[in-house]
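In what follows, a single structure is set out as structure tokens and then discussed.
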Amino acid sequence: MSLIKSASVVSLLTLASRITGLARELLIASAFGASAMTDAFNVAFRIPNLFRRLFAEGAFSQAFVPVLAASREQAGDEATHRLINRVTTALMGVLVLTCLAGVLGAPWLVMALASGLGQNPESEAAAVLMTRWMFPYIAFMSLVSLSSGILNTWRRFAVPAATPVLLNLAMIGAAWWGAPWLQTQGVQPIYALAAGVMLGGLLQLGVQVPALARLGVLPRPRLSWAGCTEAWQDEGTRRILRLMAPALLGVSVAQISLLINTQIASYLPAGSVSWLSYADRLMEFPTALLGVALGVVLIPQLSAARAADDDARYGALLDTGLRLVL
Numbered sequence: 508m509s510l511i512k513s514a515s516v517v518s519l520l521t522l523a524s525r526i527t528g529l530a531r532e533l534l535i536a537s538a539f540g541a542s543a544m545t546d547a548f549n550v551a552f553r554i555p556n557l558f559r560r561l562f563a564e565g566a567f568s569q570a571f572v573p574v575l576a577a578s579r580e581q582a583g584d585e586a587t588h589r590l591i592n593r594v595t596t597a598l599m600g601v602l603v604l605t606c607l608a609g610v611l612g613a614p615w616l617v618m619a620l621a622s623g624l625g626q627n628p629e630s631e632a633a634a635v636l637m638t639r640w641m642f643p644y645i646a647f648m649s650l651v652s653l654s655s656g657i658l659n660t661w662r663r664f665a666v667p668a669a670t671p672v673l674l675n676l677a678m679i680g681a682a683w684w685g686a687p688w689l690q691t692q693g694v695q696p697i698y699a700l701a702a703g704v705m706l707g708g709l710l711q712l713g714v715q716v717p718a719l720a721r722l723g724v725l726p727r728p729r730l731s732w733a734g735c736t737e738a739w740q741d742e743g744t745r746r747i748l749r750l751m752a753p754a755l756l757g758v759s760v761a762q763i764s765l766l767i768n769t770q771i772a773s774y775l776p777a778g779s780v781s782w783l784s785y786a787d788r789l790m791e792f793p794t795a796l797l798g799v800a801l802g803v804v805l806i807p808q809l810s811a812a813r814a815a816d817d818d819a820r821y822g823a824l825l826d827t828g829l830r831l832v833l
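Note that our numbering numbers the sequence shown so that position 234 is 741, with each residue one more than the last.
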């Protein structure tokens, strides 16, 4: 599949994701408005999203795909399968510890992100509870990011680009049907959105597993002490960690700015965090349509060309990408 065709497919699927995401935000804003409870949800949802953007879809993805593409180009598929298994083993160990720490430390995370919620004990308690419910979403999205990196390296772009739609649909369903049902049960309807987030994460991962299996690259982690030791000692894993450091610095700038904005908004009238969240979603709408699509398609191919010392192919890919952007 040509670069332009691949980028077009990813861009169209990203557009579908953004449109359903906009519909999701419109429905949530219409159903719940901007209140202390929507602030609680947005703070709770922002915490796993912050980690997701920093690590899963940020530094990890930026480091993993080039290493994986280089391994496939230089060492072949068998060695690359071993690398996938070891990286998955190391990642799953980190995710278990991270999720445990996040669930236990939810009150401190909420305080660090939006200490102003403490002015409303009910809102603060709801934010802590929903943070605990949604923190495992990080695990789902980290594994989705791993799966997407593998599929993109094998130039199967459609499934990873389409999966975000499932989160939007799950949250739309939660707002449309789940929230009214919870209200009839005497439960805060906003909790339906937290359930929708978890369902969306599970669906995204579930869709990618068959795609990996069809390619014969479904990860097989070794969740034993020997397997974990082998995974962390693997040179590919260590190289990914080395590449993550500068990538983490780059992606953290925008997230730190958003964190500061959320902290300030938490001290403003109820609903301010929600308004900020809605505005952030609108701002992201146009940026992903071309930039993200090109990045998804270009990075594996650029990495493979660089690993093969094919400067002519590398330059041609880069020129094509720049022409498309301009």
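Heads up, the beta-carbon is just placed ideally off N, CA and C, and yes, glycines get one too.
Only a predicted model underlies this, so the values are computations on that prediction, with no experimental measurement involved.
CB contact flag (residue i, residue j, <7 Å)
| i | j | result |
| --- | --- | --- |
| G565 | Y644 | no |
| W617 | T638 | Before going further, note that residue 617 is Val rather than Trp in the sequence given. Taking 7 Å as the Cβ cut-off, V617 and T638 qualify as a contacting pair. |
| A699 | L710 | no |
| P555 | M678 | no |
| A646 | A547 | no |
| L561 | Q770 | no |
| A597 | T736 | no |
| A772 | S764 | no |
| A619 | V550 | no |
| A814 | A577 | yes |
| T595 | P726 | yes |
| L534 | A718 | no |
| R593 | D741 | yes |
| V848 | I747 | Because residue 848 is not part of the residues shown, which for the chain are 508 to 833, the question remains open. |
| N675 | G822 | no |
| A786 | Q569 | no |
| A669 | V517 | no |
| E532 | R788 | yes |
| Q715 | S654 | yes |
| L756 | N768 | no |
| Y774 | G612 | no |
Neighbour-count burial assignment, residue i, 16 or more Cβ in a 10 Å radius
| i | result |
| --- | --- |
| Q808 | buried |
| M648 | buried |
| S537 | exposed |
| R579 | buried |
| G609 | buried |
| A819 | exposed |
| E631 | buried |
| I526 | exposed |
| I657 | buried |
| R559 | buried |
| M790 | exposed |
| Q626 | exposed |
| I697 | buried |
| P671 | buried |
| T660 | buried |
| L712 | buried |
| V704 | buried |
| L824 | buried |
| A777 | buried |
### Task
Say whether the segment 536-545 touches the segment 727-734, bearing in mind that this needs 3 or more beta-carbon pairs closer than 8 Å, one atom from each stretch.
no
### Message
Could you tell me which whole alpha helix (DSSP H) segments of length 4 or greater appear in the segment 657-736?
### Response
665-669, 671-680, 686-691, 698-722
### Query
Between the segment 809-819 and the segment 661-671, do at least 3 Cβ pairs fall closer than 8 Å?
no
### Message
Using a Cβ distance threshold of 8 Å, determine whether the segment 709-725 contacts the segment 514-529, with at least three qualifying pairs required.
### Response
no
### Query
In chain order, which continuous runs of the alpha helix (DSSP H) of length 4 or greater are located wholly inside the segment 618-644?
628-641
### Task
With a floor of 4 residues, list each alpha helix (DSSP H) that falls wholly inside the segment 727-790, ordered by position along the chain.
732-740, 742-772
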